[in-house]
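Colleague: When the letters of the sequence shown are read in order and numbered with our numbering, they come out as residues 5 to 54.
Think of the CB as a built atom: it goes at the ideal place given N, C-alpha and C, for glycine as much as any other residue.
If you're wondering where the values come from, they're calculated on a predicted model, not measured in any experiment.
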Amino acid sequence: MWRFIKALLFLIILAGVGLVAYAYIGPLFFPGDFAAPSQEVTRPVTLDTN
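#1: According to DSSP, is R47 part of a helix, a strand, or is it coil?
#2: For D52, name the three-state secondary structure that DSSP assigns.
#3: Taking only heavy atoms of the ligand ATP into account, decide whether any of them is closer than 8 Å to the Cβ of Y28.
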């Protein structure tokens, strides 16, 4: 049972490191996934006044 817990803990730490690496290195290799939308959005707004 202890071996299973150690393996699970190792996989959780490995997944965390992978997520942090993707967050920092991802924009260099996958710029389309991290790019902001390039379309301008205009919507009318009605404000209530007192």
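Modeller: If we stick to the structure as given:
#1: Looking at R47 - three-state DSSP - the assignment turns out to be coil, as it is neither helix nor strand.
#2: D52 falls in the coil class under three-state DSSP.
#3: The ligand ATP is not part of this structure, which contains no ligands at all.
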